[in-house]
Structures are given as C-alpha cells and as structure tokens.
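Heads up: the structure comes next, in structure tokens.
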Amino acid sequence: MAEVFLVDVSKSYDQGKSWVLKNVNLSIADGEFVAFVGPSGCGKSTLLRMICGLEEITKGDLSIGDERVNDMPPNERKVGMVFQSYALYPHMTVRENMAFGLKLAKADKKTVDQRVDEAARILQLEPLLDRKPKAMSGGQRQRVAIGRSIVQEPRVFLFDEPLSNLDVSLRVQMRQELARLHRRLKTTSIYVTHDQVEAMTLADKVVVLSPLADGAESNLEQVGAPLELYHHPRNIFVAGFIGSPKMNFFDGTLLEGGEEYSRVRLNSGSEISVAVNAVSGKAGDKVVLGIRPQDIHLVESQGNAIEGTVSALERLGTESFIYFAHPDIHESLTVRVEDSKARHEGDVLTLKLPAENCHLFDADGLAFRRTRVTDF
Amino acid sequence: MAMVQPRNLKYRVWATRIFLILFILMIMLPFLMIISVSFRTGNFATGSLIPENPTLEHWSLAFGIPWTNVDGSISLPPFPVLTWLWNSIKIAVISSTLILMLSTTGAYAFARFRFRFREHMLTAMMIFQMFPAVLALVAIYSIFNTLGNYVPWLGLDTHGAVVIASLGGVTLHIWLIKGYFESIDGSLEEAAAIDGATPWQAFRYVLLPLSVPILAVVFILAFIASVGEYPVASVLLQDVDKLTLAVGSRQYLNPQNYLWGDFAAASVLSGLPITLVFLLSQRWIVGGLTAGGVKG
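For the record, the sequence lines run as chains A and B.
End of the first sequence = 376 in UniProt numbering, gap-free, step of one.
End of the second sequence = 296 in UniProt numbering, gap-free, step of one.
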C-alpha cells in the first residue's frame, strides 16, 4: 500500500526531439483507484509502463511510497501488473503461475501455499489450480493474471486495459469483480482503459490524457471524480471525450456574459441562453456551445431552441438516436430520445437546448463554469 | 479440411504417391547399398544389393574383434573404430552443448536488447557464415599450432582444438534461435520482471522452458554437423587414436587398397549416435508450448 507521486513526468523516445508524454503531474493517495483514460496514442499505457519500470522516465520524478523509484528496476518496485494480453506463463499451471513471484522471493512453502489458496478463493479459481492457461477461457485467464499480482501483495496494482480482450457480458461481470476486489483489498490501483464506462464505474479519480498537440505544455487534460468530469469538463477535449454518444458542439458568438446566465448567438442565428458564468468573456468573442445528446428536448415551442432537419434515425427499442443536419456542426447533431417513434428523413423539428444543460467554451477551448448543475 | 474436391483428384493423389515412392527409393538406395557392402564378403563396392555370401567380417573388425577367416587365418582389426566412435561422440556432445549455450544467450541479446551495431553484427555474422570453413584451414592450423605452445590441451592433435574450432558455427544457430525468441511475446518476460525476476531469471525460467523445441533442433543440427565434420578435424587431428570417425573412415580408402567393406561398416556405425540423439530429442520437439499465454 502506498501513495504514488508523479512530478513533471515526461517521455521521449528520441532524446527530447519529440515527446510522447509531457509534464504529467499527479498525486495518487493510498488506497485510491485511479483510471487513466484517453484515445489511442495519448500515452496512457506508456505512463503505466513508466510507473512499473518497463519504460524509462526521460524527465521528471516518480515516487512510490516515500522513495524515488526512477532508477529502480521493475523487479524491485513491488508493484503488481495485469496485462492486456494476460501474459500468463504458458508452461506453468495456474498454481505455478501465481506462486512464481513468491518462489523467486524465496518465500517458504507454507506462505506460498497459503497466499495462493487465498487468492484462488477470492477469485474463484480453486477448481482450476492445476490447469494450464491454454485450457482456460479468456475470463479465467484474466482472473489468474489478477491472482498472480494479488499473491505478491504489491504496493500498487497496475491494470493495462485488462478487460479489452473479453466479450461484453464477461467484461461487465469482471468490472464488478474488480470493484469488489478493490473494496476488499484497498490497494492503490491504477487502471488504464480507453473505455470510459470502465473508468467512470471503477475509479475514485479519473485522469484524462490527450495525444500531445504541437507546442502543448502537457497532455494531462483533467483530473477529477468521474461525475465532476462529466458535469464540469475543464475544456472541449474532456467534454467531447467523456460521455457517449459524444457531446454536440455549435460554433457561436458570445452576446452577453452574465454571472448566472449568458447569452450566445449561434452562427446560424438562433439565440440561446446558457447557464454558465461567462463574466470573463467579452461580448463578440467566438465561443463554442456544447450539449449532450440526451439533454436536448424535442418540443413545439420556440425559445432557446434551434431547428434541425432529420438526416438519419437509429431506433434501439428503449431509445432512439436522431441525427440532424445543422449548419453550425460539421458532423451531425445527435439527439437521444427515450422512445422509438418513427420519424422521417427531411422532417424539420424544433430542438430545445435547456440553458441548464449547456456547456460553453471560449476560443481556446476552456470551459466557462456552469452555474445550474442540479444532480451532482 | 473437409473441402469439396474435384473428382479427378484421385488420379492426382496416385501420381503423387508414385512420385513420392520413387523419390524415397532414390534417397534410400545409397544407404541400402552401404549396408549391403558392409555385409558383403571381401572389399567390393559393386555387387548385388542382397549379398550372396553374407559375412559379419567387417562388422566384427569394426567392433575391434579379430575375425577368423574360412581358411583359418586371422584378420586383425586395422583401426580402432570404437575409439574413433567414442572420440566423435565426445567431441560432438561437448561442442553441441557449448554451441547451444553460446547461441542461446547470444540469440537472447539479439532478440531482446537494442544496442549499437546490432543490425550490422547480425548481417556480418550471416555473411561470414557463407564462407566455407575450408577457406580458413591454413589459418585454423596455424592458430592452434601457436595456441598449443601456451595451452597444451588446445594445441594440434587435441580434441579441445576441434571443439573450439567448431564453435565458429554458432552464428547460424543464433539466427535460428533469435527468430524463435522473437515469436514469443515479450510481455511474458515483462510479467516476470514485475513478479520480481531479474533479467537472467526471466530468461532462465520463462523464455528457455518455452524454447525447448528450438533448443532440441539446434542441438541435433550441431551434433550432426560435428559428427560429420571432415575438413577441420582432418587438419587438426593426426594421431590415429585421436581421430574422429569421419576422419578415421577415410583411412580405409588408401589408393593401394580400398577396404570398402570395413569403410561401410564404420560409416553405418557413425550414423548410430546421430540416430540416438535424434530419438532422444524428438520428444522435446513439440508445438503449442506457448499456447494460452497471451491473447493474440
């Protein structure tokens, strides 16, 4: 059990000519479950591999507990890791796989057996202890991989997309098992995933990373509790990344920045009231208005509304996604409604954008603080 | 594969079988002839495949047992064939073991580490391997001649010299093993490192056990090459009692008197250790060792 501190951690594969990760600052408390999320290529796996010592840290400091571990080889860091590919030793049985690390550490046979049996019990692997990995299913293999790190009683658990090779129903089940395991063991855990549902459901704290843009100071976009990221994304990147389907963005101009409500004119002409504090913005500034697909209402009335032409419809039974063509949006405007009524291509519908549900970003992509978030 | 086959396939299958049988005959015939010669009375290279008056004379002499001829005279074994056989086995086992150790560790470095001139070294090794050892005979002779002045057991006419000279053959094996190592997912060794293994332990307990098939193949190849090696051993070894079977068998064939029968018996004998090594190693040459370790 230990805290993990990252100070200005950076990674470059070509002696500083180009950076994969830059100035990542993060503190992870003892027992905390932290998820790294981001699109592919954002360096989240690299960051995890730097924490366990499989990649060198080009710049910055990493400490686990109260020791700086930058130059410590992985076998001395006392961390456990679960790989995306499971990486079980194929020539060993489940028992041997789990006991491998303890045997290397020259633990006595009684301790080894006791810890392996305990881990097998927690993960319901008891009937499989004498099998080899090839005779097991994906979910069982992943449990063995988890068991292998549990028996070592590591200071930190590292998970590198552990569920991405499992099918959907198994993934949901394993997700709950992981959550239960963490409640039970209370070991500091770091979890890398590109699946935001896993991050939102498992983590105490979510770290959003983005691929490093030219000239950017860091690719750490935001750190916060799952719902904080959802309701108060710090910038457009986080707003677009968290939440599925993706948030809709409209280009517009700030008409009036108020303390509780601000007014925006979309490029197509509609005037929308937004519940954000935009006092810092000036009238005439370019802004981006964001709203999630399920927050838009189909209504008859006018006021705080826009008109859209239906371009496509996906009906899933309990809900439907309606895609609209709208001049302010490059892709299509997505609206989620909770019915499966038929609608036709070319229909023109009025879409209400409730002020309380709207996000507003300035020209640099930074969010204005929302003022009327009720359910958080 | 339960694919639907066209009807004329039957004829093609038969054509293939006939071709295969002819091909196997072509390979087997010289071997059968050597066996036949070894049982033939007198030292004749030509004759019918099934000897008319089979005799164990040549085999008896090869095993060092004096042979009483029909007329009562006694033939003494001309050469210490069993000593040669033992020399061959000793040299082959030691050099194959050393080759295996060197090429495995070398291949590990080339497969898993990134260092300067790595590519150049690999290419250079491949190119040097292309020159036959015969080209270097003079150099090998003078090197071991000089070496013998300082390290007696590495001088001319020692088995140590033959073993050391054979180690030049590791490069091909390094390539072979490196290719196999690269097919094993690196995350297994990473997992071992996180489990607390040093790089050596990860190599020893994870990578090596998974590479047993290729190690067995390399051992067999090195063993065969060593047993059959002629040019270098013939230059380095001179004393009759130190010769290997491959070099020694040549002694039967002096221009004045070709002892084909004795030569044939010795030749068949030299195939014995190879067959034995192959049969013993065969059970390690299995597929699917790495199955189930990583999700592909």
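We treat Cβ as the ideally placed atom computed from N, Cα and C, and that holds for glycine.
Here the structure is a predicted model, which means the values were calculated and not measured.
Selected residue, minimal CA-CA separation from residue i, among the options
i, options, result
"Leu-280(B)", "Val-81(B), Ile-18(B), Phe-223(B), Thr-290(B)", "Phe-223(B)"
"Ile-274(B)", "Val-227(B), Gly-288(B), Leu-208(B)", "Val-227(B)"
"Phe-44(B)", "Ser-183(B), Val-235(B), Phe-263(B)", "Phe-263(B)"
"Leu-312(A)", "Val-335(A), Gly-290(A), Arg-292(A)", "First, the amino acid is wrong: residue 312(A) is Ala here, not Leu. That would be Val-335(A), whose Cα lies nearest to the Cα of Ala-312(A)."
"Asp-104(A)", "Cys-52(A), Val-151(A), Leu-6(A), Arg-49(A)", "Contrary to the premise, residue 104(A) reads as Leu rather than Asp in this sequence. Nearest option by C-alpha distance: Val-151(A)."
"Lys-78(A)", "Glu-3(A), Phe-361(A), Thr-371(A)", "Glu-3(A)"
"Val-373(A)", "Ser-164(A), Leu-47(A), Pro-354(A)", "Pro-354(A)"
"Ala-165(B)", "Ile-91(B), Pro-66(B), Arg-250(B)", "Ile-91(B)"
"Ser-137(A)", "Leu-88(A), Asp-117(A), Leu-158(A), Ser-149(A)", "Leu-88(A)"
"Val-37(B)", "Leu-259(B), Leu-22(B), Val-212(B), Ile-140(B)", "Leu-259(B)"
"Gly-346(A)", "Phe-324(A), Asp-328(A), Lys-246(A)", "Phe-324(A)"
"Gly-269(A)", "Asp-251(A), Glu-256(A), Ser-262(A)", "Asp-251(A)"
"Lys-132(A)", "Leu-170(A), Thr-93(A), Gln-124(A)", "Thr-93(A)"
"Leu-76(B)", "Ile-89(B), Glu-57(B), Arg-112(B)", "Glu-57(B)"
"Asp-66(A)", "Ala-363(A), Ser-273(A), Ala-120(A), Arg-155(A)", "Arg-155(A)"
"residue 297(B)", "Asp-239(B), Leu-167(B), Leu-156(B), Phe-63(B)", "Summary: the structure shown does not reach residue 297(B), with chain B confined to residues 1 through 296, and so no result is reported for it."
"Val-276(A)", "Asp-113(A), Ala-305(A), Ser-262(A), Phe-159(A)", "Ser-262(A)"
"Val-268(B)", "Asp-71(B), Ile-94(B), Asn-149(B), Val-81(B)", "Val-81(B)"
"Ser-244(A)", "Glu-221(A), Glu-198(A), Val-288(A), Val-287(A)", "Glu-198(A)"
"Glu-119(B)", "Ser-96(B), Gly-288(B), Lys-178(B), Glu-229(B)", "Lys-178(B)"
"Ala-191(B)", "Ile-57(A), Ser-149(A), Thr-111(A), His-326(A)", "Ser-149(A)"
"Asp-339(A)", "Arg-171(A), Ser-273(A), Arg-184(A), His-297(A)", "His-297(A)"
Contact set for residue i: own chain, Cβ-Cβ below 8 Å, skip 5 residues either direction
i, result
"Val-294(B)", "Asp-185, Ser-187, Leu-188"
"Phe-142(A)", "The displayed chain sequence assigns Gln, not Phe, to residue 142(A). Closer than 8 Å at Cβ, skipping near neighbours: Val-82, Tyr-86, Pro-162, Leu-163, Asn-165, Leu-166, Met-174."
"Phe-278(B)", "Ile-220"
"residue 305(B)", "Here chain B comprises residues numbered 1 to 296, so residue 305(B) is not present and cannot be evaluated."
"residue 304(B)", "No answer is possible for residue 304(B): it lies beyond the span of chain B, which begins at 1 and ends at 296."
Short Cβ contact (8 Å threshold) for residue i with residue j
i, j, result
"Ala-283(A)", "Gly-258(A)", "no"
"Phe-237(A)", "Ser-280(A)", "no"
"Ala-35(A)", "Val-206(A)", "yes"
"Ser-218(A)", "Lys-22(A)", "yes"
"Tyr-180(B)", "Ile-214(B)", "yes"
"Gly-303(A)", "Thr-188(A)", "no"
"Thr-244(B)", "Asn-87(B)", "yes"
"Phe-110(B)", "Leu-102(B)", "no"
"Val-20(A)", "Gly-53(A)", "no"
"Phe-33(A)", "Ala-203(A)", "yes"
"Glu-307(A)", "Val-348(A)", "yes"
"Val-37(A)", "His-231(A)", "no"
"Leu-47(A)", "Val-69(A)", "no"
"Gly-139(A)", "Leu-123(A)", "no"
"Met-265(B)", "Ala-139(B)", "Before going further, note that residue 265(B) is Ala rather than Met in the sequence given. No, the pair does not count as a contact, with Cβ atoms beyond the cut-off."
"Val-144(A)", "Asn-75(A)", "no"
"Val-212(B)", "His-173(B)", "no"
"Leu-237(B)", "Asp-157(B)", "yes"
Secondary structure of residue i, DSSP reduced to three states
i, result
"Thr-188(A)", "strand"
"Ile-140(B)", "helix"
"Gln-222(A)", "strand"
"Ala-193(B)", "helix"
"Val-37(A)", "strand"
"Ala-165(B)", "helix"
"Trp-19(A)", "coil"
"Thr-352(A)", "In the sequence as displayed, the identity of residue 352(A) is Lys instead of Thr. Reduced to three states, the DSSP call for Lys-352(A) is strand."
"Met-81(A)", "strand"
"Asn-69(B)", "coil"
"His-359(A)", "strand"
"Val-134(B)", "helix"
"Asn-149(B)", "helix"
"Val-347(A)", "Residue 347(A) is actually Asp in this sequence, not Val. Three-state result, Asp-347(A): coil."
"Tyr-180(B)", "helix"
Sequence-distant residues of the same chain with beta carbon closer than 7 Å to residue i, five excluded per side
i, result
"Phe-128(B)", "Thr-171"
"Ala-193(B)", "Ala-202"
"Thr-16(B)", "none"
Residues near residue i by beta carbon distance below 6 Å, same chain, minus five either side
i, result
"Trp-153(B)", "Gly-160"
"Phe-5(A)", "Ser-27, Ser-63"
"Phe-39(B)", "Pro-51, Pro-54"
"Glu-356(A)", "Ala-275, Arg-372"
Identified DSSP bridge partners for residue i
i, result
"Phe-250(A)", "Leu-289(A)"
"Thr-193(A)", "Val-37(A)"
"Leu-333(A)", "Phe-324(A)"
"Thr-309(A)", "Ala-325(A), Val-348(A)"
"Glu-67(A)", "Ile-64(A)"
"Glu-256(A)", "Arg-263(A)"
"Ala-203(A)", "Partner(s): none; Ala-203(A) has no beta bridge."
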